[in-house]
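All remarks here apply to the structure that follows.
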Amino acid sequence: MTSIDTPPTSEAPVDPALPAALHGPVLAWFDRHARDLPWRRPEAGAWGVMVSEFMLQQTPVVRVLPVYEQWLARWPRPADLAAEAPGEAVRAWGRLGYPRRALRLHAAAVAITERHHGDVPRDHGQLLALPGIGEYTAAAVASFAYGQRHAVLDTNVRRVFARAATGVQYPPNATTAAERRLARALLPEDETKASRWAAASMELGALVCTAKSEDCGRCPIAERCAWRLAGKPAHDGPPRRGQTYAGTDRQVRGRLLAVLRESADPVAQADLDVVWDEPVQRARALDGLVADGLVEPLDGGRYRLPLS
DNA sequence: CACCCGTGGTT
DNA sequence: TAACCAAGGGT
1 MTSIDTPPTS EAPVDPALPA ALHGPVLAWF DRHARDLPWR RPEAGAWGVM
51 VSEFMLQQTP VVRVLPVYEQ WLARWPRPAD LAAEAPGEAV RAWGRLGYPR
101 RALRLHAAAV AITERHHGDV PRDHGQLLAL PGIGEYTAAA VASFAYGQRH
151 AVLDTNVRRV FARAATGVQY PPNATTAAER RLARALLPED ETKASRWAAA
201 SMELGALVCT AKSEDCGRCP IAERCAWRLA GKPAHDGPPR RGQTYAGTDR
251 QVRGRLLAVL RESADPVAQA DLDVVWDEPV QRARALDGLV ADGLVEPLDG
301 GRYRLPLS
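full-length UniProt numbering puts the first sequence at residues 1 to 308.
Given below as structure tokens:
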């Protein structure tokens, strides 16, 4: 009886009856309460789903909505975006944040045009190979756009599963193998039902089982929730990394790029210098933007969004 | 695996 | 008000 054969508690087997007990209530709740988001409408297509997933990486739905509409109207197919200069994608990204996502979405559109005849690939592995698409986004596009059966583990789903199945308030900082195993165990066998489940469990986390003020009174699985049944114990592990922003390179980069986004013409060094008074940090931030391909340096100390 | 990468609203 | 949070990905 040594500990080497004892699985850690985080890898406890899933209650065999749990999946079926959760599917009905959550799917029925989703039928009634799902938001009518534009990327969920049939006309969005796989490209619409993919654009929305890029924009929703760390950016709230309400801020994505207007930019999404502009992008799909301007670039209705991957080839339309691929034909543009990458700097135009960065400019149209506006203030969504993390502008490297715009660059990667543009690069993904180029790859789709070159390697996939302009159609968003259906295969999870091919999606994963595209720039800016990781484990989550590949599964999300395959599931939401093509109705495939994939475990879609985003921050909402991870929180819902941590509470309902594992009985803790928050999931670990980084996604664990135990979480992936749990997500697979909870995934309905039927493909259509599985893709619906992915969207429904995510929506439940976004609307009801939220990070701070969860509303168990509106939760369809409150009676089955391990965390609630345990008396909703507070998170004990290490605090999740706080992200300070003021004074960081990210803030400087944001200010520099804002100047370049607003200008149709190349910008003089002096017009960038005014956004931050500390010259060393300012130079480091600008160099970083150039290294990332977000900014193109020109002769005479001028800069612009990248044309290529 | 820890850290970096924007932005703005909420508590 | 500082901290936290928001459909992550890349290194």
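Where a beta carbon is used, it is the ideal one built from N, C-alpha and C, also for glycine.
* Anyone know if the C-beta pair for Tyr136 and Asp154 falls short of 8 angstroms? -> It is a contact, given that the beta carbons lie within the stated cut-off.
* To do: Could you work out which residue in Pro19, Val141, Asn156 and Glu278 is closest to Met202 when comparing CA atoms only?
  => Asn156
* **Closest Cα partner of Arg95 within the set His106, Val64, Ala111 and Pro78** => Val64
* Check whether the Cβ atoms of Val267 and Arg304 sit closer than 8 angstroms, and answer yes or no. => yes
* Spatial neighbours of Trp75 in its chain, beta-carbon cut-off 6 angstroms, leaving aside the 5 residues before and after -> Leu81
* The beta strand (DSSP E) spanning Leu229 covers which residue range? -> No beta strand (DSSP E) contains Leu229, which is instead part of the alpha helix (DSSP H) from Ala226 to Leu229.
* How would you label Tyr68, buried or exposed, when you count the other beta carbons within 10 angstroms and need 16 or more for buried? -> buried
* Of the choices Pro238, Leu207 and Ala199, whose alpha-carbon is the least far from that of Ala174? -> Distances from the CA of Ala174 to each of Pro238, Leu207 and Ala199 were compared; the closest alpha carbon is that of Pro238.
* To do: Could you tell me the boundaries of the alpha helix (DSSP H) in which Glu296 lies?
  => Element bounds for Glu296: not the alpha helix (DSSP H) but the beta strand (DSSP E), Glu296 to Leu298.
* Asked: Do three or more CB pairs link the region 119 to 134 to the region 158 to 165 at distances below 8 angstroms?
  -> No, the region 119 to 134 is not in contact with the region 158 to 165.
* To do: Return the residue from the list Arg77, His124, Gly97 and Trp93 that minimises the CA-CA distance to Thr113.
  => Arg77
* Can you name, in chain order, every residue of its own chain whose Cβ lies under 6 angstroms from the Cβ of Asp15, other than the five neighbours on each side? -> none
* To do: Compare the C-alpha of Ala102 against each of Leu298, His235 and Gly293 and name the closest.
  => Gly293
* Asked: Counting only runs that start and end within the region 142 to 201, where is the alpha helix (DSSP H) found for 4 or more residues in a row?
  -> 155 to 161 and 177 to 186
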